[in-house]
Structures are given as C-alpha cells and as structure tokens.
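Below is one structure; the comments refer to it alone.
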Amino acid sequence: MKQCAKIVVFIVLAAFCFACENNYISPIPDMPVVLDIVIMSDAPELNVIGGFKEFVEPKSAFQYLGYGGIVVFRSFDDNFVAFDMACPYEIKRDVRVAVDMSGVAVCSVCGSKFDVGYGTGMPSQGPAKYPLRRYKVYPYGTDKLRIYQ
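One rule links them: number in the numbering used here = place in the sequence shown (from 1) + 2.
Here is the structure:
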C-alpha cells in the first residue's frame, strides 16, 4: 500500500513539473510587456516569412517593452514569435541582439548566437547558456498582434 502511495505522489509531482508553460528560468529581469501592433502600419516587415521588427522605444505611455526591447519575428513555420532583445549572457539593457532574416540573433558583445527562425530563442553558439526571454504573441483581427508576458 505504501508503495502505491509513493507512485501516486511521484506521478502527481511529475505532472506539476511538466505542466509548467515556462520551463526555464531566464536571467533577464521580469519587466512589464504590453505591445499592440497593427502589421500593415506598424510593422509591414512582418508580412513575409523571416521578416522581423524591433521595438526599442515605446511610442505611447501604454507600451511596455520588457528589459532590452522586443523583437517580433515571423518564424519559418509562419507563426509570430517575440523575444526580449537583451542578451541573456550579458544581462544589460543596452546590450541587445541583432536579428536577421536568416533566423539568427547575434550578440555583438559576447558573440552568442540564438535561433529565432524556428521560434526557440535557444543559444546555438557562444558562451550563452540560456535562451532569449520569450514573450507571448496573440494574433487578433485581420492584421493585429498583442505581445505580452
């Protein structure tokens, strides 16, 4: 009977561990994130796969752009993904990754490279061990996106 109880407890704990949406801890500090985008007017670059738009300065008092700014990328599987631009190795607001249409984000200071093309933000080269901090993207209407934490 005790063995059965241990198994049930183990299964319940395992379920809690795997049910978490964010399965890594980012070294980038938690900061407010609220960004609404109308693709046609704010970010026409996002109309093509591999297109991206960087948001570093808020355009209104109601925009919150995380720690180092936000980059929105149209991934190779035709989804929108958003990441904080602060390098998770350097952890400084003004040390930002630069993204290109090949789906790679590069930190010019430490040289770390991150995959954004397939939406993971995982490091592929360099000293960084953590992925880029990812934000949620909610598409609504015909060409609108809401980025939030």
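For each residue, glycine too, the CB sits at the ideal point set by N, CA and C. Keep in mind it's a predicted model, so treat the numbers as computed, not measured.
- Nearest neighbour of A45 by Cα position, chosen from K94, G143, V73 and Y66, turns out to be V73.
- Of the residues assessed, E92 falls on the buried side of the cut-off, its CB having 16 or more other CB atoms within 10 angstroms.
- Put simply, the backbone Cα of R148 is about 14 Å away from that of G68.
- By alpha-carbon distance to A100, the top candidate from G143, K146 and G70 is G70.
- Beta-bridge partners assigned by DSSP to L48: none are found.
- Annotation for P125: the continuous beta strand (DSSP E) segment containing it runs P125 to Q127.
- With fewer than three CB-CB distances shorter than 8 Å, the segment 108-128 does not count as touching the segment 55-64.
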